[in-house]
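Heads up: the structure comes next, in structure tokens.
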Amino acid sequence: MRALVTAGPDGLAAGVLAETVNVAGNNLSFHLKELSHAGLITSRREGKSVIYSAAYAGLSDLVQFLMRDCCQGHPEVCAAAVAALAACDCTTGDTLHA
Numbered sequence: 027m028r029a030l031v032t033a034g035p036d037g038l039a040a041g042v043l044a045e046t047v048n049v050a051g052n053n054l055s056f057h058l059k060e061l062s063h064a065g066l067i068t069s070r071r072e073g074k075s076v077i078y079s080a081a082y083a084g085l086s087d088l089v090q091f092l093m094r095d096c097c098q099g100h101p102e103v104c105a106a107a108v109a110a111l112a113a114c115d116c117t118t119g120d121t122l123h124a
């Protein structure tokens, strides 16, 4: 998932993704299908290649769902996650450093 998020909207061809994450094509295909069904990635055909991209709206929905009602009154539990989200610079894809 991280490789697709890092690749941005251009995504990665299935073969390139398999090499990047060092996973056999058949195993990768299984996981990509599940991520697609969950709405976390999209795919498109470009010539003979299938290009996979992160579905940023789906990822945002997932993060919001996971963080909703976070911590059950113990904010220190979620502090690291909140700090990581706050440090994301979506204009460059970099993590901001203080």
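When you number the sequence shown by the working numbering, it's gap-free, plus one each residue, and the end is 124. Virtual Cβ for every residue (Gly too), placed ideally from N, Cα, C.
As computed with DSSP, T46 is found in no beta bridge at all.
The alpha carbon of G84 has as its nearest neighbour, out of E60, G65 and V47, the alpha carbon of G65.
DSSP places L66 in the coil class of the three-state scheme, outside both helix and strand. Across the structure, E102 and M93 are spaced so that their CA atoms are roughly 13 Å apart.
The way I'd put it, the segment 107 to 114 doesn't touch the segment 44 to 54; fewer than three beta-carbon pairs between them come closer than 8 Å. Beta-bridge partners assigned by DSSP to S79: T68. By the beta-carbon neighbour count (other beta carbons within 10 angstroms, threshold 16), G37 is buried. By the 16-neighbour rule on beta-carbons within 10 angstroms, A81 is buried. In this structure, DSSP gives D95 a state outside helix and strand, which the three-state scheme calls coil.
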